[in-house]
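*Asks:* Here it is, the structure in full.
Number of protein chains: 2
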Amino acid sequence: MYDGHRKKGVTLPRSRRGREPLAHPDTTDIDLLDVLHALSDPTRMTIVQTLRADLERACGTFPVDVAPSTLTHHFRVLREAGVIHQREEGTRRWTTLRFEDLERRFPGLIDRILASYDRAPTA
Amino acid sequence: MYDGHRKKGVTLPRSRRGREPLAHPDTTDIDLLDVLHALSDPTRMTIVQTLRADLERACGTFPVDVAPSTLTHHFRVLREAGVIHQREEGTRRWTTLRFEDLERRFPGLIDRILASYDRAPTA
DNA sequence: CTCCTTATTCGACGTTCGTCGTATGACGAA
DNA sequence: TTCGTCATACGACGAACGTCGAATAAGGAG
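Heads up: the sequence lines are chains Y and X, in that order. Last residue of the first sequence: number 128 in the working numbering, and the count goes up by one each step with no gaps. Last residue of the second sequence: number 128 in the working numbering, and the count goes up by one each step with no gaps.
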């Protein structure tokens, strides 16, 4: 909802990077529908595809062409869906695929989806 | 279909059921991202789940609780994504899962997704 | 013919989505 | 300290989404 007035920097210091510990859902709470939705975007699919090949990457090193703030948005969607894990180290935020967790929850799903995507990248 | 009697419809003739032949994408044009998006909605997932079990059903016979016009919308999303096929017969519109087509395009995908959904229906 | 059933199209509504520019914060190097 | 880099939060924008009610159309039963 719209909260109205919120002067410039007066009111909120606001939590920034490193404050809130980057909430990740428990493995058992990963929702299939959220995962499918997260993977239904080409940018996010590319991110997951890249992470399946390489183990860990920093945010800025993905082969996608969107603004940094857009990328942050996509990472949040993937993280909140339980698809990726992010940890912080200095100014970098390292990202991994939660492959084992996904495998435990939905055996065989991720690789089947990625294989389907390789077969027909963007139609 | 015959076009003959356009009675008092002064304003909008407009295409209605049966006029436009219910466009379905070719098998080779089915886009994975569209399929994943189509399946990321609980109502549509339930429809697909139902169709995988039963072979063919009429629109009104699905175990979902939404308004008829909403259901029509969901069927269109599934149909345009290439997930279902619909044919008309009298006042009924029969719906089937395009299982063989999906299997040919993305082998093993649909059953893997449905198995994942059975495992954790709506979290 | 009339009436009921089936399922649609249309239009509207509030919400969510993907995108970006700008400002901000935290870290590390000079 | 200052400066540059990495990545974020915020706010805005238009587009798409899920939902529904009302009107419409066609088929079938009487």
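Even for Gly, the Cβ is constructed at its ideal location relative to N, Cα and C. Quantities reported herein were computed from a predicted structural model and do not represent experimental measurements.
Take residue 55 of chain Y and list the residues in its own chain whose beta-carbon comes closer than 6 Å to its own, dropping the five residues that flank it on each side.
*Replies:* For the purposes of this step, residue 55 of chain Y is taken as the residue at position 50 of the first sequence. Once the five neighbours on either side are set aside, the close Cβ partners of residue 55 of chain Y are 67.
*Asks:* In the DSSP assignment, find the unbroken beta strand (DSSP E) run with residue 153 of chain X in it and report its ends.
*Replies:* Outside the displayed span of chain X (6 to 128) sits residue 153 of chain X, for which this structure offers no information.
*Asks:* Of all the residues that make up the stretch 59-71 of chain X, which are near chain Y by a beta-carbon distance shorter than 7 Å?
*Replies:* none
*Asks:* List the residues of chain X whose Cβ lies closer than 8 Å to the Cβ of residue 28 of chain Y, in chain order.
*Replies:* Locating residue 28 of chain Y in the first sequence gives position 23, counting from the first residue. Within 8 Å Cβ-Cβ: nothing; residue 28 of chain Y doesn't reach chain X, min ~16 Å.
*Asks:* Check the Cβ-Cβ distances between residue 118 of chain X and every residue of chain Y, and say whether any is below 8 Å.
*Replies:* On the second sequence, position 113 is the one that residue 118 of chain X refers to. Answer yes: the Cβ-Cβ gap between residue 118 of chain X and chain Y drops below 8 Å somewhere.
*Asks:* Run through chain X and tell me which residues come within less than 8 Å of residue 95 of chain Y, C-beta to C-beta.
*Replies:* Translated into the one-based positions of the first sequence, residue 95 of chain Y becomes position 90. Chain X residues near residue 95 of chain Y: none, gap ~34 Å exceeds 8 Å.
*Asks:* Hey, residue 114 of chain Y and residue 109 of chain X: beta-carbon distance below 8 Å or not?
*Replies:* Residue 114 of chain Y sits at position 109 when you count from the first residue of the first sequence. Residue 109 of chain X sits at position 104 when you count from the first residue of the second sequence. Not a contact, by the Cβ cut-off of 8 Å.
*Asks:* Does the distance from the CB of residue 79 of chain X to the CB of residue 49 of chain X come in under 8 Å?
*Replies:* Indexing the second sequence from 1 puts residue 79 of chain X at position 74. Indexing the second sequence from 1 puts residue 49 of chain X at position 44. Result yes, Cβ atoms of residue 79 of chain X and residue 49 of chain X sit closer than 8 Å.
*Asks:* Taking the alpha carbon of residue 28 of chain Y as the point to measure from, which residue in Y:121, Y:63, Y:82 has its own alpha carbon closest?
*Replies:* The residue given as residue 28 of chain Y occupies position 23 in the first sequence. The shortest C-alpha separation from residue 28 of chain Y is found at Y:82.
*Asks:* Taking 8 Å as the cut-off, decide whether the C-beta atoms of residue 42 of chain Y and residue 45 of chain X are in contact.
*Replies:* Along the first sequence, one-based indexing puts residue 42 of chain Y at 37. Along the second sequence, one-based indexing puts residue 45 of chain X at 40. Contact flag set, yes.
*Asks:* Beta carbons nearer than 9 Å to chain X: which residues of the stretch 32-56 of chain Y have them?
*Replies:* Residues passing the 9 Å Cβ filter: 33, 34, 35, 36, 37, 38, 39, 40, 41, 42, 43, 44, 45, 46, 47, 50.
*Asks:* Less than 8 Å between CB atoms is the rule here; does residue 111 of chain X satisfy it with respect to chain Y?
*Replies:* Position 106 of the second sequence, counted from the start, is the residue given in the question as residue 111 of chain X. With 8 Å as the cut-off, residue 111 of chain X counts as an interface residue toward chain Y.
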